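Novice: Convert by adding 140 to the 1-based position in the sequence shown; the result is the number in our numbering. Sharing a structure below in structure tokens format, with a few things to ask.
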Amino acid sequence: MPRKKPPTGKVGVYLLRDIAIAVLEAHLFPPVRKIVSRRGGPKKHEVTSRKNKKNMPALSRITLEGDYELGAFYWLESNSAIVWYKHQPFTIRFNDGELTISYTSDFLAKMEDGSFTLYEVKKSNSLEDKDVQARLKSIRKALSKTSVRFEVLTSDELNAQPKFDTLASLYGQTSTAITQKKVIETAKREFLLSLKYLGGSAKMKALKSVSPFVCEAGLAVAIFDGLVTSKYRLPICDGFDVSLTPAGYEEC
Numbered sequence: 141m142p143r144k145k146p147p148t149g150k151v152g153v154y155l156l157r158d159i160a161i162a163v164l165e166a167h168l169f170p171p172v173r174k175i176v177s178r179r180g181g182p183k184k185h186e187v188t189s190r191k192n193k194k195n196m197p198a199l200s201r202i203t204l205e206g207d208y209e210l211g212a213f214y215w216l217e218s219n220s221a222i223v224w225y226k227h228q229p230f231t232i233r234f235n236d237g238e239l240t241i242s243y244t245s246d247f248l249a250k251m252e253d254g255s256f257t258l259y260e261v262k263k264s265n266s267l268e269d270k271d272v273q274a275r276l277k278s279i280r281k282a283l284s285k286t287s288v289r290f291e292v293l294t295s296d297e298l299n300a301q302p303k304f305d306t307l308a309s310l311y312g313q314t315s316t317a318i319t320q321k322k323v324i325e326t327a328k329r330e331f332l333l334s335l336k337y338l339g340g341s342a343k344m345k346a347l348k349s350v351s352p353f354v355c356e357a358g359l360a361v362a363i364f365d366g367l368v369t370s371k372y373r374l375p376i377c378d379g380f381d382v383s384l385t386p387a388g389y390e391e392c
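Written out as structure tokens, the structure reads:
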């Protein structure tokens, strides 16, 4: 159990010097900020993490704030370097000059190598704001003195299409965490239907002319990496317009 009375006097709130304790205790108490629905505010999403259900059951139910955090959810679920994660994990306090700063990250992740990373989700254009820049600079500076990494995830990368719809669609079709293996299995199940639908398209004819046998596993990997839409009955996306055999994907 977490200490009853941490140095700050409040469970879930730590001084920067105690962040190594914070990351180890984070799974023992609820998120430090409750997400509520407000009229005109970001949409609240109630989700279940299959990754956490397997590796850290206490954190399987998550309440997210807005579509950007939903994008982060799919990104975290599909990131093989992450073992488990927590939303609104804890608050750290530190001094920056004469200022005392309190900071709560959007996510804490336990990485496969045993380390921890704090993730901040930001709307891409907010990074142009000088106040946001100053706050992030202060947080980076403080955390650079610890063993905990800090990364900013932007809305442009989290909600980029077709990857966002791809991950959402695949998550709804699998019963475990999103992995490349599961994506390939899912793609294979509907691959023949895809070919039937796409068979008369100019893109598919061109693709077949490059390779007589279109590899379903190769297509699945492209789906996983967001190059192709996972809504199999839709045309192949623009990612295949530039090069029918993208770098890193071998013909079968």
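Glycine included, each C-beta is placed from N, C-alpha and C at the ideal position. Remember, it's a predicted structure, so these values are computed and weren't measured experimentally.
1) According to DSSP, is residue 268 helix, strand or coil?
2) Would you kindly work out how many angstroms separate the C-alpha atoms of residue 175 and residue 228, rounded to a whole number?
3) Looking at the strands, I want to know which residues DSSP matches up with residue 234.
4) What number of angstroms, rounded off, separates the C-alpha of residue 168 from the C-alpha of residue 296?
5) What are the start and end residues of each continuous beta strand (DSSP E) run of 3 or more residues lying completely inside the region 143-220, in chain order?
6) Do the CB positions of residue 293 and residue 236 come within less than 9 Å of each other?
7) Do residue 204 and residue 184 count as a contact pair if the criterion is CB distance below 9 Å?
8) Nearest by alpha-carbon distance to residue 290: which of 277, 300 and 158 is it?
9) Expressed to the nearest angstrom, what Euclidean distance is found between the alpha-carbon atoms of residue 299 and residue 215?
10) Please determine, among 265, 268 and 222, the residue with the shortest C-alpha to C-alpha distance to residue 253.
11) Please classify residue 211: is it buried, with 16 or more other beta-carbons within 10 angstroms of its beta-carbon, or exposed?
12) Would residue 243 pass as a contact of residue 279 if the rule is Cβ separation under 9 Å?
13) Along the beta strand (DSSP E) that carries residue 291, what are the first and last residues, could you check?
14) Return helix, strand or coil for residue 300, following the three-state DSSP convention.
15) Could you give the distance in angstroms between the alpha-carbon of residue 213 and the alpha-carbon of residue 171?
16) Mapping DSSP to helix, strand and coil, what is residue 263?
17) DSSP three-state label for residue 285, please.
18) Would you please state the rounded distance, in angstroms, between the beta carbons of residue 153 and residue 233? I believe it to be under 8 Å.
19) How about residue 208 and residue 261: do their beta carbons lie closer than 9 Å?
20) Among 231, 217 and 275, which residue has its Cα nearest to the Cα of residue 250?
21) With a CB to CB cut of under 7 Å and the five nearest residues on each side skipped, what residues in its chain are close to residue 182?
22) Answer yes or no: do residue 256 and residue 287 have a C-beta to C-beta separation smaller than 9 Å?
23) Do you know how far the Cα of residue 258 is from the Cα of residue 189?
24) Taking the C-alpha atoms as reference points, what is the distance between residue 305 and residue 273?
25) With respect to 8 Å, is the separation between the Cβ of residue 268 and the closest non-hydrogen atom of the ligand MN below this value?
26) Do the CB positions of residue 282 and residue 230 come within less than 9 Å of each other?
Specialist: This is what the structure gives:
1) If DSSP states are grouped into helix, strand and coil, residue 268 belongs with the helices.
2) If you take the alpha carbons of residue 175 and residue 228, they lie about 9 Å apart.
3) According to DSSP, residue pairing for residue 234 in a beta bridge involves 241.
4) Computed Cα separation, rounded: 33 Å.
5) Correct list: 153-155, 184-188 and 201-205.
6) Not closer than 9 Å, so no.
7) A contact, by the Cβ cut-off of 9 Å.
8) The option with the nearest alpha carbon to residue 290 is 277.
9) C-alpha separation (whole angstroms): 10 Å.
10) With distances taken between Cα atoms, residue 253 lies closest to 222.
11) Buried is the call here.
12) Going by C-beta atoms, residue 243 is nearer than 9 Å to residue 279.
13) Segment 289-294, the beta strand (DSSP E) holding residue 291.
14) Residue state for residue 300 is assigned as coil, using DSSP reduced to three classes.
15) Residue 213 and residue 171: Cα-Cα distance of roughly 15 Å.
16) Assigned with DSSP and collapsed to three states, residue 263 falls in coil, not helix or strand.
17) In the three-state DSSP reduction, residue 285 falls in the coil class, being neither helix nor strand.
18) Right, the Cβ-Cβ distance comes to about 7 Å (below 8 Å), so this counts as a contact.
19) Yes.
20) Among 231, 217 and 275, the Cα nearest to that of residue 250 is on 217.
21) So the list reads 205 and 206, once near-sequence residues are dropped.
22) Contact check for residue 256 against residue 287 passes: the beta carbons are separated by less than 9 Å.
23) Rounded to the nearest angstrom, the gap between the Cα atoms of residue 189 and residue 258 is 18 Å.
24) Taking the straight line joining both Cα atoms gives about 30 Å.
25) No copy of the ligand MN occurs in the structure displayed, which carries no ligand at all.
26) No, these two residues do not count as a Cβ contact at 9 Å.
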